[in-house]
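S.K.: First the structure, then my questions, so here it is.
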């Protein structure tokens with residue numbers, strides 16, 4: 644699955660989750676920037692990915708909105724893609740406890756097992 648196969652709501656959720664994860668440690672490193680640009684390419688439509696990031700900045704502005712858009716993701720394959728992307732973003736540097744908590748909370752929300 645790639646970005647083009649996500650529906651508009653899923654695209655918004657992924658973008659909002661990525662933005663949230665990047666802000667958890669209150670810094671945006673060159674490693675994170677490089678990784679995010681690579682992810683945009685890997686997802687198959689970098690232009691649409693960056694547009695979704697911009698849209699998320701405008702429309703998902705607080706925790707309540709983030710939770711609502713995240714709860715709207717129901718397809719298992721979309722959830723898996725999102726977790727893969729978020730794990731990749733977190734791995735760009737040493738994973739922080741806040742990033743690990745966000746991933747665990749997301750898995751719990753979606754009733755998905757933790758990685759082995």
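Residue numbers (the working numbering): 644 to 759.
The beta-carbon is built from N, C-alpha and C at its ideal position, and this holds for glycine as well.
Since the model is a prediction, treat every value here as computed from it, not as a measurement.
(1) Who are the near neighbours of residue 688 in its chain, counting only those whose CB is closer than 8 Å to its CB and skipping five residues on each side?
(2) Exposed or buried, which one is residue 713 when buried takes at least 16 other CB atoms within 10 Å?
(3) Using a Cβ-Cβ cut-off of 6 Å (strictly less than) and excluding sequence neighbours within five positions of residue 743, which residues of its own chain qualify?
(4) Taking all protein chains shown into account, decide if residue 664 is buried (16 or more other Cβ within 10 angstroms of its Cβ) or exposed.
(5) With residue 739 and residue 682 assumed to form a contact (beta carbons below 8 Å), what rounded beta-carbon distance in angstroms separates them?
(6) Quick check on this structure: which residue in 741, 692, 666, 672 has the alpha carbon closest to the alpha carbon of residue 656?
(7) Where does residue 672 fall in DSSP's three states?
(8) What are the boundary residues of the alpha helix (DSSP H) that includes residue 646?
M.R.: By the coordinates alone:
(1) 645, 646, 647.
(2) buried
(3) none
(4) So residue 664 ends up on the buried side.
(5) 18 Å between Cβ atoms; not a contact.
(6) 692
(7) coil
(8) Element bounds for residue 646: n/a, residue is neither H nor E.
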